[in-house]
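Here the structure comes first, spelled out in structure tokens, and everything after it is commentary.
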Amino acid sequence: MDFGLTEEQQQIREMVHDLCLERVDPRAAEIDESGEFPWDIKELFAKHDILAIPFTPDYGGVSGRALTLLVAIEEISKFCVTSSLILSVQSLGSLPIWLAGTDDQKRKYLPPLARGEQLAAFALTESGSGSDAGGMRTRVIKRGDTYVMNGSKTFITGGSVADTIVVFARTDQDGDTPARDISAFIVEKAMPGFKVGKLEKKMGIRGSPTAQLFFEDVKIPSANRLGKEGEGFKLAMQVLDHSRPGIAAQALGIAEGAFELARRYAGERRQFGKPIMEFQGIQFMLADMATQIEAARVLTYAAGDALDRDQPAVTAGSSMAKLFASDTAMRVTTDAVQILGGYGYLRDFPAERMMRDAKITQIYEGTNEIQRLVIAREVLKEKA
Amino acid sequence: MDLSLSPEQQEIRKLVRDFAGREVKPRADAIDHSGEFPRDLVKKAAELGLLGILVPDAYQGAGLDHLSFAIFVEEVAHYSASTAGILDVHGSVGTEPIVLFGTEDQKRRWLPDLARGEKLAAFALTEPEAGSDAAHLKTTASRNGHGYLLNGSKIFITNAGEAGLYIVMASTRPGSGAEGITAFLVGGDNPGLKVGPKFKKMGLNGSAIAEVHLDNCAVDEADRLGDEGQGFRIAMRALDSGRIGISAQAVGLAQGALDDAVAYAKERKQFGKPIAELQTIQNKIADMAVKTRAARWMTWKAAALCDAGRPFTKEASMAKLFSTDAAMEITLDALQVFGGYGYLEEYPMARRVRDAKACQIYEGTNQVQRVVIARELVRS
């Protein structure tokens, strides 16, 4: 058993870390304040092949290893979660193509994403259906060689900046077997009838656009259907198995960033004649934070390792990593704000932003309540 | 990164799982109820070579790694944490210091017997007034010709009265704190070593825990483990890897509790369906499963670092802290899933709660683990 990273993974970690320290860290507060998508960071990541990490070399990428991607997401998230989402969503939006696409589809769509010339998004959630995909209302009707799509999607991360969007829609009209009625399609932003609605105002991850998407008689060539008709739900679940460890990595990075901030502050801040780090009240908080982070780290890396080793039954491990790491990020960022005291509450320090950003990791890609259902189902199954 | 078990580790897991299910499981309740030391199980484990997991082949041990040892402790603790505690203390803090710090003569004299289970080992550090504050031990070792005379009292000594060997920490330079502490190998048959009555405890029934009194206990110079003044370092190193064992014990408790809770939740019907279909039960099962898995990975990581010769003090303390807190929460939750039945001693749920509590306390309370972790954090 080896818990170490490969030399290549170490190098990528260091490269991403150094780049983010120099270029992303100074932008993080501005990005949060303005709420604007950081195109400069996207260009920076494209230029340094960071957006190519989710892709294998045969499709223009540099890695394609799950763990390598997790390490990169973790490093960016230490500095700026909004920026980490550029990479996460590039992975999330391309995963359906990677997992279910034909070679033609992969050759057409993946290389521009790997080069960072285009951005991807993943559109599953609707206003009336999140984790309960059976309530999905976006539909397609087949007409000859095209599908005509109507409906809308909501909470789509990066939806307003994406060029290539994988959209899930019903192909069967009676809806008696919801999970088998859903299919996946590659929609291009230039397709007539595709419109971006309003961008949401959010508590955190403010520079990451969360968009409503509308589809009005969008004509999608049959060649853009991913997999067979009716296989979309299964594909979406498979994508989430791969992407939830990414949320875990994001949460892990937030927690590590907040912890480092708190640790440094506790070493410098003096009260009653000594650094507050020397008080057991603070020491125990830091020890608990570090221990929770270590637990989140092993679960997150184990989920990545299981994907890289093509283990069967990865669902529970991915959900466990997401659940635990995101709850950890919430606790650790809250404690970091606490250790910084009044300063922690100020916009001048990144602690409060980290706490606002941490909250979303407990919610998206399946709320943590949904993760518990997923995990319980898997545990009850395996003990059958 | 490759988090798979090696074929050898898989093999040992299969072997100890089979041993635990066949031998330990049917005995667990009786051991708890009677409080009798399970010599039969110790003997059976010895026959399988499980008492010398960390002892090199050259001294008749199995020569396996700490990860294998953690697997062994977990599987036994799955059914009986007290039996696991006996075997853990023997194999880890009781034996490993000789492997690591012993002279060739000491290794030849003690390790084969310990590895074959002909003698059990105990580790005598804690005193009535010095637990985790080990630098302030009151037991002394004064020079006496070619040897030493040990005087003082030790408390909370696991395997006391059953052990054929005690690793005793005493001060050769009273008043000089950690730097004065020296480790000694004291035979169970030494007339100067007397064992008090077994304590009655909340849990870990069957595990013998007692006071050990040293009354002009004479030992040879050749029985000194390491140099004079090296004892504190030996003790801290022993406890570092000892904590991996306690962490594994907690993981076994947690997994056992989870498995029983899942089985019960599937059978028990209320409101016309199994309670496993109620979300409140599912939430408990999910949280128990996540914590158990995280605890196991942390335990294995600390073990893997130790096996790779890398620093692992912080990881071992984190694993011990996390796993034992998790075991406490999980055993309580599992008892709750059983409702009123969980409170009855005819099920193992209450026993696991009682046993889990000890894990938060011994080999350094979890408060001390936090001190250790914080110290490592300041250093990094």
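Protein chains in written order, with our numbering: chain A, 1 to 384; chain B, 1001 to 1380.
The beta-carbon is built from N, C-alpha and C at its ideal position, and this holds for glycine as well.
The structure presented is a predicted model; accordingly, all values stated were derived computationally and were not measured.
Mark residue i as exposed unless 16 or more other C-beta atoms lie within 10 angstroms of its C-beta, in which case mark it buried.
i	result
R143(A)	exposed
D58(A)	exposed
R1243(B)	buried
H1078(B)	buried
A1248(B)	buried
Y1264(B)	buried
Y1059(B)	buried
W1300(B)	buried
H242(A)	buried
H1090(B)	buried
P26(A)	exposed
F3(A)	buried
H1066(B)	buried
P1191(B)	exposed
P221(A)	exposed
Shortest alpha-carbon distance to residue i belongs to which of the options?
i	options	result
Y1362(B)	Q1010(B), L1041(B) and D1088(B)	D1088(B)
V218(A)	M355(A), V62(A), D348(A) and T138(A)	T138(A)
G253(A)	S222(A), E8(A), T300(A) and I220(A)	T300(A)
L373(A)	T1280(B), W1297(B) and E1127(B)	T1280(B)
S183(A)	G101(A), I156(A) and S318(A)	G101(A)
G1094(B)	G1252(B), P1128(B), A1115(B) and Q1010(B)	A1115(B)
D163(A)	L110(A), V314(A) and D32(A)	L110(A)
L1125(B)	E1118(B), D1105(B) and L1137(B)	L1137(B)
S160(A)	R377(A), P38(A), K47(A) and Q371(A)	P38(A)
G1063(B)	D1307(B), A1254(B) and T1331(B)	D1307(B)
G1187(B)	H1146(B), A1210(B), I1181(B) and Y1166(B)	Y1166(B)
T1365(B)	G1203(B), S1006(B), I1098(B) and S1132(B)	S1132(B)
Going by the beta-carbon positions, is the gap between residue i and residue j smaller than 8 Å?
i	j	result
D335(A)	M285(A)	yes
I363(A)	Q250(A)	no
F1123(B)	I1234(B)	no
A295(A)	F259(A)	no
A1028(B)	P1348(B)	yes
K42(A)	I86(A)	yes
A52(A)	R13(A)	no
V1168(B)	L1150(B)	yes
L226(A)	F194(A)	no
L1111(B)	V1055(B)	yes
L70(A)	Q90(A)	no
V1195(B)	G1161(B)	yes
A66(A)	P312(A)	no
E1376(B)	A1238(B)	no
Q1336(B)	T1292(B)	no
A1289(B)	A1326(B)	no
L240(A)	E365(A)	yes
K1043(B)	E1023(B)	no
A376(A)	A1334(B)	no
E229(A)	T146(A)	no
F369(A)	A316(A)	For the record, residue 369(A) in the displayed sequence is Glu; it is not Phe. Cβ distance not < 8 Å, so E369(A) and A316(A) don't count as in contact.
G1231(B)	A1183(B)	yes
F155(A)	G232(A)	no
Tell me where the alpha helix (DSSP H) around residue i begins and ends.
i	result
C1306(B)	Q1279 to D1307
F1072(B)	H1066 to A1077
L240(A)	G232 to E268
Y1362(B)	Element bounds for Y1362(B): n/a, residue is neither H nor E.
G304(A)	Q280 to D308
F387(A)	No answer is possible for residue 387(A): the residues shown for chain A start at 1 and end at 384.
G1252(B)	G1231 to E1267
L340(A)	T315 to L340
Which residue marks the beginning of the beta strand (DSSP E) containing residue i, and which one marks its end?
i	result
M1169(B)	L1165 to S1171
Q212(A)	T210 to P221
C1217(B)	I1209 to D1220
K153(A)	T146 to T157
I1157(B)	G1147 to T1158
E1376(B)	Not the beta strand (DSSP E): E1376(B) falls in the alpha helix (DSSP H), residues N1366 to R1379.
I165(A)	T164 to R170
Is any heavy atom in the ligand GDP found nearer than 7 Å to the beta carbon of residue i?
i	result
Q105(A)	Questions concerning the ligand GDP fall outside what the structure shown contains, since it holds no ligand whatsoever.
Please compile the residues from chain C whose C-beta is within a distance smaller than 9 Å of the C-beta of residue i.
i	result
Q283(A)	This model lacks chain C altogether, as its protein chains are A and B.
For the stretch 270-289 of chain A against the stretch 1363-1374 of chain B, do three or more pairs of beta-carbon atoms, one drawn from each stretch, fall closer than 8 Å, so that the two count as touching?
By the Cβ criterion, the stretch 270-289 of chain A is in contact with the stretch 1363-1374 of chain B, since at least three pairs of Cβ atoms, one from each stretch, lie closer than 8 Å.
With three or more beta-carbon pairs closer than 8 Å as the criterion, would you say the stretch 260-271 of chain A touches the stretch 335-346 of chain A?
Touching, yes.
Are three or more beta carbon pairs between the stretch 118-134 of chain A and the stretch 229-239 of chain A nearer than 8 Å?
Yes: the two stretches touch, three or more of their Cβ pairs being nearer than 8 Å.
Okay, do the stretch 1068-1084 of chain B and the stretch 1210-1219 of chain B touch, 3+ Cβ pairs below 8 Å being the bar?
Segment contact: the stretch 1068-1084 of chain B against the stretch 1210-1219 of chain B, fewer than three CB-CB distances shorter than 8 Å; contact not assigned.
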